[in-house]
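*Asks:*
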Amino acid sequence: CLDVDECSSSPSKCGPNSVCKNLPGRYKCSCLPGFSSPTGDNWSPEKPGHFSCTDVDECLDSGVCPEHSECANSLGSYSCHCQDGFIFNNSLCEDIDECLDMCPFNATCTNTLGNYFCTCHPGFAPSNGRLNFTEQEVECGDIDECVQDPSPCGPNSVCTNALGSYSCGCIVGFRPNPEGSWKYGNFSCKRVPFKCKEDVIPNNKQVLLCQVGTAVEPEDVS
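Heads up, the sequence shown is in UniProt numbering, so the first residue is 1 and it goes up one at a time.
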């Protein structure tokens with residue numbers, strides 16, 4: 001007696017999405033990768049149940065795709081797609097560093113997981129008025145601190161604006177208070193004291209007033 005090759009029949013005795021393997025006097029069925037049967041693989045007619053291969057939804061397994069990705073199931077297969085802000089590299093979805101060239105001049109870029117944001121440098125303000133922004137058309141413009149009222153330098157001072165900064169000086173007759181600094185926001189000007197020349201009132205140990213018309217000179221400023 002010759003063996004009958006049941007696997008040569010059409011349609012296949014095992015059904016779609018399956019593999020039929022002929023054996024002496026019998027055959028067995030297995031599912032293609034990505035498919036499964038409730039009877040399990042290597043099924044043969046003498047076993048119980050009905051062999052039928054259906055698609056396996058691999059996306060039900062939370063670990064089938066790497067972190068920061070989305071799983072898309074398809075018939076007999078699946079695919080993984082990295083989320084926005086990530087790129088596929090060595091089977092992982094790695095964060096894209098958007099800060100390589102995303103922010104305008106005079107701004108600092110802060111890379112975050114899957115995103116980024118820009119912040120203008122101190123002394124500059126964003127054109128959209130928002131502290132943190134991602135829009136490409138936003139510009140960081142210089143803040144003219146010297147137009148503020150009151151002046152950041154205080155009374156009896158001269159404020160000079162610079163790109164991203166400013167400096168303070170004092171008007172004639174005043175000098176900077178050594179205890180303050182414009183860099184730290186506590187600049188102030190104090191009047192320059194005057195004294196009479198030593199020869200104005202001879203032999204007077206304590207000079208309180210200068211004679212009318214007498215020239216005066218400022219104290220040395222250290």
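In this text, a Cβ means the ideal position worked out from N, Cα and C, and glycines have one as well.
Keep in mind it's a predicted model, so treat the numbers as computed, not measured.
What is the rounded straight-line gap between the Cα of E6 and the Cα of D97?
*Replies:* 59 Å
*Asks:* In chain order, what are the residue ranges of uninterrupted beta strand (DSSP E) at least 3 long that sit wholly in the UniProt domain "EGF-like" (3-41)?
*Replies:* 18-23, 26-31
*Asks:* What do you reckon, are the CB atoms on E145 and S165 nearer than 9 Å?
*Replies:* yes
*Asks:* So, with DSSP's three-state summary, where would you put L60?
*Replies:* helix
*Asks:* Could you give the distance in angstroms between the alpha-carbon of K47 and the alpha-carbon of Y116?
*Replies:* 59 Å
*Asks:* What separation, rounded to the nearest whole angstrom, lies between the Cα atoms of C140 and C109?
*Replies:* 12 Å
*Asks:* On the DSSP bridge list, what partners appear for E70?
*Replies:* Beta bridge pairing from DSSP links E70 with H81.
*Asks:* Which class does V172 belong to by DSSP, given the choice of helix, strand or coil?
*Replies:* coil
*Asks:* Taking C59 as the reference, which of Y78, E67, G49 has the closest Cα?
*Replies:* Y78
*Asks:* Measuring CB to CB, does C93 end up less than 9 Å from F86?
*Replies:* yes
*Asks:* Below 6 Å CB to CB, which residues in the same chain sit around N132 once its five sequence neighbours on both sides are set aside?
*Replies:* F117, T119
*Asks:* Count the other CB atoms, across all protein chains shown, that sit within 10 Å of the CB of C1; report buried if there are 16 or more and exposed otherwise.
*Replies:* Burial call: exposed.
*Asks:* Mark S37 as exposed unless 16 or more other C-beta atoms lie within 10 angstroms of its C-beta, in which case mark it buried.
*Replies:* buried
*Asks:* Among all the DSSP beta bridges, which residues are the ones paired with L55?
*Replies:* Reading off the sequence shown, one finds Asp at residue 55, where the question assumed Leu. Its beta-bridge partners are F35.
*Asks:* Mind checking whether P155 and S181 have CB atoms under 9 Å apart?
*Replies:* no
*Asks:* Determine the contact status of D142 and N161, defining contact as a CB-CB distance below 9 Å.
*Replies:* Taking the C-beta atoms as reference points, N161 is found nearer than 9 Å to D142.
*Asks:* Is DSSP giving V158 helix, strand or coil here?
*Replies:* In the structure shown, V158 sits in a strand (DSSP, three-state: E or B).
*Asks:* For D163, does the three-state DSSP call read helix, strand or coil?
*Replies:* The sequence given here has Leu at residue 163, not Asp. If DSSP states are grouped into helix, strand and coil, L163 belongs with coil.
*Asks:* When DSSP labels each residue in this structure, what does L153 get in the three-state scheme?
*Replies:* Residue identity check: residue 153 is Cys in the sequence provided, not Leu. Coil at C153, not helix or strand.
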